[in-house]
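Here the protein sequences come in this chain order: U, A and V.
Each residue of the first sequence is one higher than the last, beginning at 4 in this note's numbering.
Each residue of the second sequence is one higher than the last, beginning at 4 in this note's numbering.
Each residue of the third sequence is one higher than the last, beginning at 4 in this note's numbering.
All C-beta atoms in this analysis are idealised placements derived from N, C-alpha and C, irrespective of residue type, glycine included.
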Amino acid sequence: MTRMMLWGLMAAQALGGISTTRAGDTPEGGPLKVVVHVNVPEPGTQGAGLKNVTNLLKEAPDTQVEVVCHGAGIGLVEKARTDHAEAVEGLIRKGVKFVACENTMRQKSIRKEDLLPGVGTVPSGAVEVVRKQQKDGFAYFKP
Amino acid sequence: MTRMMLWGLMAAQALGGISTTRAGDTPEGGPLKVVVHVNVPEPGTQGAGLKNVTNLLKEAPDTQVEVVCHGAGIGLVEKARTDHAEAVEGLIRKGVKFVACENTMRQKSIRKEDLLPGVGTVPSGAVEVVRKQQKDGFAYFKP
Amino acid sequence: MTRMMLWGLMAAQALGGISTTRAGDTPEGGPLKVVVHVNVPEPGTQGAGLKNVTNLLKEAPDTQVEVVCHGAGIGLVEKARTDHAEAVEGLIRKGVKFVACENTMRQKSIRKEDLLPGVGTVPSGAVEVVRKQQKDGFAYFKP
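Quick look at the structure:
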């Protein structure tokens, strides 16, 4: 009977292993993960979104946050246009990831060096928003 | 062979149990679950959101709905400011959960008794919106 | 031992089968899937949403996209009111699914023949937005 139990446990472990590592899963114990979708130009809405992220990190400090800026929202991470440089840089220091959409950058002639320090880029902001949810199991949040 | 079958079934049940209760799952047969994210002050948008919830419950009556109000959207559940007291209270009677963000309440000096009857609170509206999706498998809906 | 292994494998397969076909899953290898939620009347926002979809398909051509139009957003797919007939029809030809909400149509006296060619309908736009996420594992995207 012990061998059978062993097999049962091995099967359980194997299956459990598959389950817990499959993309899109959200194991109870893992950190929260969220993609914050910024596509609006209003500094007020952008600022509210940053404040939400700050509050998130206050209550759940190991939350993985990725802020995706594209279209009319890209100004949030542009040196010359943002109203929130300090807040963005402060959140980057706390581990929040900010990325700008290269499609939008091309269209608006924004160069990499026009972005706030520490801001990354992705080929497509829209794809990134979808991919984080579907492939990496992130929640969605629109400020 | 019967003992082995028994073990197989027990293992299957145990694993099945883990699978079906694991947060983030959406078993085909279960009810719909959705977190409605209200962070805008416009009564028209808020009202449209409540109407969406009403329509949801009309077509899928056992849908679990949680409406999270924070930031500029908290007025929806404030006695003194809401344009939709009756609609909110009607939906609460139908089992819809409404919660207000305690961060926002602190910031705007809103007390628990300033909220419509039956409205709950959560420490952080942003965390709640993320957690419902990630830990409880709710869909996201922004009116 | 071989029978036990067989049982183990059968149990594993059965459970694996349940796991991999369960709605809401996002196997690493599958195409991206996204429900685009259009409930705003502004042609600029609607157009930005269509452009996002175009960019999505450019980077990830086999993405399954469903655009759900309801409430104030239904104008996007109404012949008489849309500013984006060509773009919508072009995306439909590329395999994007557009659906209008029958609740909204009833309320605004919009008939099936008032919609752009190729646009489908669903009983409730809100239910559709929730169901695509929960039952079919789609990501959410609000332009």
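### chain U contact for A:Val70 (CB, 8 Å cutoff)
no
### Task
Could you spell out the range, first to last residue, of the beta strand (DSSP E) harbouring U:Ala103?
Lys100 to Cys104
### Task
Give a yes or no on whether the minimum CB-CB distance between A:Val133 and chain V is below 8 Å.
no
### Task
Could you have a look at U:Glu116 and say whether DSSP puts it in helix, strand or coil?
helix
### Message
Do A:Leu59 and V:Val154 have their beta-carbon atoms positioned less than 8 Å apart in this structure?
### Response
Any question about residue 154 of chain V goes unanswered here, given that chain V covers just 4 to 146.
### For V:Lys145, the first and last residue of its enclosing beta strand (DSSP E)
That residue, V:Lys145, is in no beta strand (DSSP E); it is neither H nor E in DSSP.
#### Entry: Residue interval of the beta strand (DSSP E) (run including A:Val38)
Lys36 to Val41
### Task
Using a Cβ-Cβ cut-off of 8 Å, state whether V:Ala51 counts as contacting chain U.
yes
### Query
Mind checking whether A:Leu118 and V:Arg134 have CB atoms under 8 Å apart?
no
### Query
Can you list the beta strand (DSSP E) stretches of 3 or more residues lying completely in the stretch 51–101 of chain V, in chain order?
67–72
### Message
Using only CA atoms, which one of A:Lys138, A:Phe101, A:Pro126 and A:Phe141 lies nearest to A:Gly78?
### Response
A:Phe101
### Query
For U:Ala142 versus A:Gln136, is the C-beta spacing smaller than 8 Å?
yes
### Message
Given the structure, does A:Glu62 come close to the ligand ATP, in the sense that its CB is under 7 Å from one of the ligand's heavy atoms?
### Response
As presented, the structure is devoid of all ligands, the ligand ATP included, so that no description of it is given.
### Task
Please classify U:Val132: does DSSP put it in a helix, a strand, or coil?
helix
### Task
Would you tell me roughly how many angstroms separate the C-alpha atoms of A:Lys115 and V:Val122, rounded to the nearest one?
46 Å
### Query
In chain U, which residues lie less than 9 Å from V:Ala63 when you measure between Cβ atoms?
Ser127, Val130, Val133 and Arg134
### Query
Quick one: is V:Asn55 near chain A, going by C-beta distance under 8 Å?
no
### Task
With 7 Å as the C-beta to C-beta threshold (strictly closer), list the residues of the stretch 106–125 of chain V near chain A in chain order.
Asn106
### Message
At the 8 Å Cβ level, is A:Lys138 part of the contact set with chain V, yes or no?
### Response
no
### Query
V:Lys97 touches chain U at which residues, Cβ-Cβ below 9 Å?
None at all; the shortest Cβ gap to chain U is about 15 Å.
### Query
Using the C-alpha atoms, what's the distance from U:Thr107 back to V:Pro30?
With a pLDDT of 47 at V:Pro30, under the threshold of 50, the predicted position of this residue should be treated as unreliable, and no value is reported.
### Query
Would you call V:Pro126 buried or exposed, if buried means 16 or more other Cβ atoms sit within 10 Å of its Cβ?
exposed
### Message
Within 8 Å of any Cβ in chain U, is that where the Cβ of V:Val41 sits?
### Response
no
### Query
Identify the residues that DSSP records as bridge partners of V:Thr124: which are they?
V:Ala103
### Task
From the DSSP output, in three-state form, read off V:Gly47 for me.
helix
### Query
Checking contacts by CB at 8 Å: is V:Pro146 closer than that to chain U?
yes
### Task
Assign A:Lys138 to one of three DSSP states: helix, strand, or coil.
coil
### Query
Is U:Lys111 helix, strand or coil when you go by DSSP?
coil
### Query
For the candidate residues A:Ser112, A:Gly74, A:Ile113 and A:Thr66, whose alpha-carbon lies nearest to that of A:Val99?
A:Thr66
### Task
Identify, in the order they occur along the chain, each residue of the same chain with its Cβ nearer than 7 Å to the Cβ of A:Val132, setting aside the five sequence neighbours on each side.
Val38, His40 and Val71
#### Entry: Proximity test, Cβ basis, 8 Å: A:Gly74 and chain U
yes
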